[in-house]
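Shown next, in structure tokens, is the structure this report addresses.
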């Protein structure tokens, strides 16, 4: 991919407090550890720079994608012909605002948990082990082991239609794995979390309990993107996939986990193409067996055949 695109100099000037990685492999930035290169990754550290960058991108019709923890995305082996945005610095800061814990979108769930735990604030401990940022978890309403992001979000500050907007919890229009931000293509900047007071030892105990559950039910030693497919009409897709006997199914270096049928893992130097083709096979077999179509929980970035 030709990295000498005309707007690199302009972006460097605009983003003077941030870093720009040119011709960067996205496999370094995703939990699957696969995928090709992007034109650049631009790390934006201030709100002022963020607005300037977005105005420039919009006026020049440059494709972009905001990447959080890289835990819910599969990047094409051909890469992504656009700009990857990561929020750092001031946009990855944690602070108390009254009785609300306000986190920049670039803060990881684990960072937010530690900060909250040390203040005796409960609500994030059941998110243990989710390798996501606050922004990504809020965007997709992350859920696991009784944890649901929508239950602790008090408000969201996001960039939408060229403006900074405030969204209350109700405004977010949360449902299963969905939020208004998916519909309006907003970029989440800061999230206010409403947490409850609890003693630190109980919070830590719940956290360790969740970690133990994950270790016993998920293939954490391999690269993955978590559950690949969403629930269907409230049905447990993981159980239905298990009944299909697909555990251990392989395409190249990609394999359906023997621990969890809804996990496709990077078992042995898999490519994104391996993973994608395995997804297609599973979807076809599922439709043939249950007369229903599976819906991806993960995001495909770039061109796939």
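Residue numbers (my numbering): 124 to 428. All C-beta atoms in this analysis are idealised placements derived from N, C-alpha and C, irrespective of residue type, glycine included.
- Taking the CA atoms as reference points, residue 324 sits about 51 Å from residue 132.
- In the three-state scheme derived from DSSP, where H, G and I count as helix and E and B as strand, residue 369 is classed as coil.
- Each of 147, 420, 239 and 227 was checked against the Cα of residue 170, and the nearest Cα belongs to 227.
- By the criterion of a C-beta distance shorter than 7 Å, residue 279 is surrounded in its chain by 261, 290, 295, 311 and 314, once the five residues flanking it on both sides are discounted.
- Annotation for residue 220: the continuous beta strand (DSSP E) segment containing it runs 217-220.
- Residue 333 is a Cβ neighbour of residue 251, given a cutoff of 7 Å.
- If the five residues before and after residue 254 are omitted, its C-beta is found closer than 6 Å to the C-beta atoms of 154, 192 and 194, all from its own chain and listed in chain order.
- In the DSSP annotation of this structure, the continuous segment of the beta strand (DSSP E) that includes residue 291 starts and ends at 286-291.
- Straight-line spacing of the CA atoms in residue 426 and residue 198 works out to 8 Å.
- Out of 234, 281 and 377, the CA that lies nearest to the CA of residue 256 is found in 234.
- Taken in chain order, the complete beta strand (DSSP E) segments of 3 or more residues contained in the stretch 304-373 are 310-316.
- Here residue 162 is buried. Its C-beta has 16 or more other C-beta atoms within 10 Å.
- Between the alpha carbons of residue 249 and residue 330 lies a distance of about 6 Å.
- For residue 282, the secondary structure class from DSSP, reduced to helix, strand or coil, is strand.
- Residue 412 is not bridged by DSSP to any residue.
- Residue 164 is not a Cβ neighbour of residue 134, given a cutoff of 7 Å.
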